[in-house]
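Under my numbering, the first residue of the sequence shown is numbered 31, with each subsequent residue one higher. This report refers to the structure that appears directly beneath it.
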Amino acid sequence: AWIKFESDSSGNVFHKGADYTIQIDPAGSIIYADGSHYSYSGWDPASSITAVTVGKWHHIAITREVSGSNGKVKYYVDGKLEGEKINASSGTTWSGNNNDLFFGRYSDVDSHAGQNYFDGNIENVRIWNTTRTPAQIRESMFTSEYADATSGLVEQWLFNEGTSYVVAGTNPTSAATYAN
(Lines of atoms letter the chains of each structure in order from A and count residues from 1; the text may use other names and numbers.)
(Lines give C-alpha, C1' and ligand atoms only; values in the text may rest on other atoms or scores of the structure.)
Protein backbone atom coordinates (compact mmCIF):
# COMPACT_ATOMS: atom_id res chain seq x y z
CA ALA A 1 0.00 0.00 0.00
CA TRP A 2 1.05 3.56 -0.58
CA ILE A 3 0.38 5.88 2.36
CA LYS A 4 0.93 9.54 3.11
CA PHE A 5 0.65 10.29 6.81
CA GLU A 6 -0.39 13.89 7.57
CA SER A 7 0.12 14.10 11.35
CA ASP A 8 2.11 12.53 14.16
CA SER A 9 -0.90 10.85 15.77
CA SER A 10 -1.61 7.14 15.50
CA GLY A 11 -4.05 5.83 12.92
CA ASN A 12 -5.26 2.60 11.38
CA VAL A 13 -4.38 1.96 7.75
CA PHE A 14 -6.22 -1.36 7.56
CA HIS A 15 -8.42 -3.30 9.97
CA LYS A 16 -10.27 -6.60 9.46
CA GLY A 17 -12.50 -7.59 12.35
CA ALA A 18 -10.65 -9.64 14.93
CA ASP A 19 -8.19 -10.90 12.33
CA TYR A 20 -5.66 -8.18 11.46
CA THR A 21 -4.75 -4.57 11.95
CA ILE A 22 -2.06 -2.36 10.43
CA GLN A 23 -1.46 0.97 12.15
CA ILE A 24 0.98 3.85 12.17
CA ASP A 25 1.93 4.85 15.70
CA PRO A 26 2.68 8.45 16.84
CA ALA A 27 6.40 7.90 16.20
CA GLY A 28 5.67 6.86 12.60
CA SER A 29 6.36 3.14 13.05
CA ILE A 30 4.24 0.58 11.25
CA ILE A 31 2.49 -1.78 13.63
CA TYR A 32 0.91 -5.07 12.56
CA ALA A 33 -1.03 -7.40 14.83
CA ASP A 34 -3.15 -10.46 14.43
CA GLY A 35 -5.16 -11.87 17.27
CA SER A 36 -8.23 -11.50 19.40
CA HIS A 37 -10.24 -8.28 19.38
CA TYR A 38 -11.64 -9.08 22.78
CA SER A 39 -8.33 -9.39 24.60
CA TYR A 40 -5.58 -7.04 23.53
CA SER A 41 -3.12 -9.20 25.44
CA GLY A 42 -3.65 -11.64 22.54
CA TRP A 43 -2.30 -9.11 20.03
CA ASP A 44 1.44 -9.35 19.61
CA PRO A 45 2.42 -6.20 17.76
CA ALA A 46 5.75 -5.77 16.05
CA SER A 47 6.86 -2.55 14.48
CA SER A 48 9.16 -1.29 11.76
CA ILE A 49 12.55 0.21 12.46
CA THR A 50 12.29 3.16 10.07
CA ALA A 51 9.59 5.70 10.80
CA VAL A 52 7.15 6.79 8.14
CA THR A 53 7.77 10.49 7.53
CA VAL A 54 4.82 12.86 7.95
CA GLY A 55 3.82 14.54 4.68
CA LYS A 56 5.72 12.12 2.41
CA TRP A 57 4.41 9.19 0.37
CA HIS A 58 5.75 5.80 1.47
CA HIS A 59 5.14 2.29 0.21
CA ILE A 60 4.55 -0.13 3.08
CA ALA A 61 4.33 -3.90 2.87
CA ILE A 62 3.97 -6.58 5.50
CA THR A 63 4.53 -10.27 4.90
CA ARG A 64 3.57 -13.03 7.26
CA GLU A 65 4.59 -16.68 7.29
CA VAL A 66 2.92 -19.09 9.72
CA SER A 67 4.67 -22.22 10.95
CA GLY A 68 2.86 -24.13 13.66
CA SER A 69 1.95 -21.73 16.45
CA ASN A 70 4.46 -19.06 15.41
CA GLY A 71 4.42 -16.46 12.69
CA LYS A 72 7.26 -14.47 11.13
CA VAL A 73 6.23 -10.92 10.26
CA LYS A 74 8.47 -8.79 8.01
CA TYR A 75 8.08 -5.04 7.53
CA TYR A 76 9.08 -3.21 4.35
CA VAL A 77 9.17 0.56 3.90
CA ASP A 78 9.81 1.87 0.38
CA GLY A 79 10.87 -1.61 -0.78
CA LYS A 80 13.48 -2.11 1.94
CA LEU A 81 13.24 -4.71 4.72
CA GLU A 82 13.00 -2.66 7.91
CA GLY A 83 12.31 -5.21 10.58
CA GLU A 84 10.99 -8.64 11.42
CA LYS A 85 9.59 -10.43 14.40
CA ILE A 86 8.66 -13.97 15.26
CA ASN A 87 5.53 -13.91 17.32
CA ALA A 88 2.73 -16.09 18.55
CA SER A 89 0.27 -16.27 15.69
CA SER A 90 -3.41 -16.94 15.48
CA GLY A 91 -2.61 -19.07 12.46
CA THR A 92 -5.33 -17.16 10.68
CA THR A 93 -5.04 -16.83 6.94
CA TRP A 94 -6.92 -14.32 4.83
CA SER A 95 -10.47 -15.52 4.43
CA GLY A 96 -13.82 -14.34 3.21
CA ASN A 97 -15.24 -14.52 6.72
CA ASN A 98 -17.95 -12.15 7.88
CA ASN A 99 -15.58 -9.73 9.58
CA ASP A 100 -15.84 -6.32 7.96
CA LEU A 101 -12.82 -4.72 6.36
CA PHE A 102 -12.03 -1.06 7.03
CA PHE A 103 -9.43 1.30 5.60
CA GLY A 104 -8.36 4.40 7.46
CA ARG A 105 -9.91 3.52 10.81
CA TYR A 106 -10.33 0.90 13.48
CA SER A 107 -13.85 -0.44 13.92
CA ASP A 108 -15.22 -2.27 16.93
CA VAL A 109 -16.26 -5.78 15.87
CA ASP A 110 -19.57 -5.62 17.74
CA SER A 111 -20.74 -2.01 17.48
CA HIS A 112 -18.79 -0.93 14.37
CA ALA A 113 -17.96 2.29 16.21
CA GLY A 114 -15.09 3.98 14.38
CA GLN A 115 -11.96 5.26 16.08
CA ASN A 116 -8.22 5.68 15.53
CA TYR A 117 -8.77 7.37 12.17
CA PHE A 118 -5.85 7.58 9.76
CA ASP A 119 -4.97 11.21 9.04
CA GLY A 120 -3.65 10.98 5.50
CA ASN A 121 -4.01 9.26 2.15
CA ILE A 122 -4.06 5.58 1.23
CA GLU A 123 -3.58 4.17 -2.29
CA ASN A 124 -3.25 0.76 -3.96
CA VAL A 125 -3.87 -1.71 -1.14
CA ARG A 126 -3.31 -5.34 -2.11
CA ILE A 127 -3.79 -8.63 -0.31
CA TRP A 128 -1.94 -11.72 -1.49
CA ASN A 129 -2.38 -15.35 -0.42
CA THR A 130 1.33 -16.01 -0.89
CA THR A 131 4.30 -14.52 0.89
CA ARG A 132 5.81 -11.95 -1.44
CA THR A 133 9.59 -11.87 -1.93
CA PRO A 134 11.54 -8.63 -1.52
CA ALA A 135 11.94 -8.44 -5.33
CA GLN A 136 8.18 -8.89 -5.83
CA ILE A 137 7.46 -6.18 -3.26
CA ARG A 138 9.81 -3.74 -5.00
CA GLU A 139 8.27 -4.60 -8.40
CA SER A 140 4.71 -4.13 -7.14
CA MET A 141 5.54 -0.69 -5.73
CA PHE A 142 5.35 0.69 -9.25
CA THR A 143 2.58 -1.51 -10.66
CA SER A 144 -0.56 0.60 -10.61
CA GLU A 145 -2.99 -2.26 -11.21
CA TYR A 146 -2.71 -6.02 -11.60
CA ALA A 147 -4.93 -8.11 -13.87
CA ASP A 148 -7.69 -9.90 -11.98
CA ALA A 149 -6.22 -13.32 -12.77
CA THR A 150 -2.78 -12.51 -11.28
CA SER A 151 -1.61 -15.57 -9.36
CA GLY A 152 -1.83 -15.13 -5.59
CA LEU A 153 -3.67 -11.81 -5.69
CA VAL A 154 -6.73 -12.01 -3.42
CA GLU A 155 -7.89 -8.42 -3.85
CA GLN A 156 -6.69 -4.92 -4.67
CA TRP A 157 -8.22 -1.55 -3.91
CA LEU A 158 -6.97 1.32 -6.05
CA PHE A 159 -8.71 4.21 -4.24
CA ASN A 160 -9.44 5.94 -7.52
CA GLU A 161 -13.16 6.52 -6.92
CA GLY A 162 -12.73 10.28 -6.48
CA THR A 163 -14.60 11.74 -3.50
CA SER A 164 -16.68 8.64 -2.76
CA TYR A 165 -16.70 7.08 0.68
CA VAL A 166 -17.01 3.62 -0.86
CA VAL A 167 -13.96 1.80 -2.21
CA ALA A 168 -14.59 -1.06 -4.59
CA GLY A 169 -12.24 -3.98 -4.99
CA THR A 170 -11.20 -4.84 -8.54
CA ASN A 171 -11.57 -8.61 -8.28
CA PRO A 172 -14.80 -9.64 -10.04
CA THR A 173 -15.35 -12.40 -7.48
CA SER A 174 -15.42 -9.85 -4.68
CA ALA A 175 -18.99 -9.67 -3.44
CA ALA A 176 -18.78 -6.40 -1.54
CA THR A 177 -17.49 -2.89 -1.47
CA TYR A 178 -15.82 -1.49 1.61
CA ALA A 179 -16.36 1.78 3.40
CA ASN A 180 -13.27 3.82 4.09
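Where a beta carbon is used, it is the ideal one built from N, C-alpha and C, also for glycine. Please read these numbers as outputs of a predicted model, since none were measured by experiment.
Positions of the beta strand (DSSP E) runs, each at least 3 residues long and wholly inside the segment 126-183, are given as 131-133, 150-153 and 155-158 in order along the chain. Bounds of the beta strand (DSSP E) holding Gly41 are Gly41 to Lys46.
Between the beta-carbon of Ser174 and that of Asn154 there is about 7 Å, and that keeps the pair under the 8 Å contact cut. For Asp64, the secondary structure class from DSSP, reduced to helix, strand or coil, is strand. In the assembly as shown, Asn42 is a buried residue. Its beta-carbon has 16 or more other beta-carbons within 10 Å. Excluding five sequence positions before and after Asn151, the CB atoms of its chain that fall closer than 6 Å to its own CB belong to Lys34, given in chain order. If you draw a 10 Å sphere on the C-beta of Ser40, you find 16 or more other C-beta atoms in it, and that means buried. Straight-line measurement puts the Cα of Pro164 at about 8 Å from the Cα of Tyr106.
For Glu95, the enclosing beta strand (DSSP E) covers residues Trp87 to Ser97. The Cβ atoms of His89 and Val82 do not sit closer than 8 Å to each other. Here the alpha carbon of Asn129 sits roughly 21 Å from the alpha carbon of Leu188. Scanning Lys86, Lys115 and Ile79 for the CA closest to the CA of Thr93 turns up Lys115. For the pair Ala91 and Gln145, the Cα-to-Cα distance works out to about 23 Å.
Taking a C-beta distance under 8 Å as the contact criterion, Glu112 and Thr80 qualify as a contact pair.
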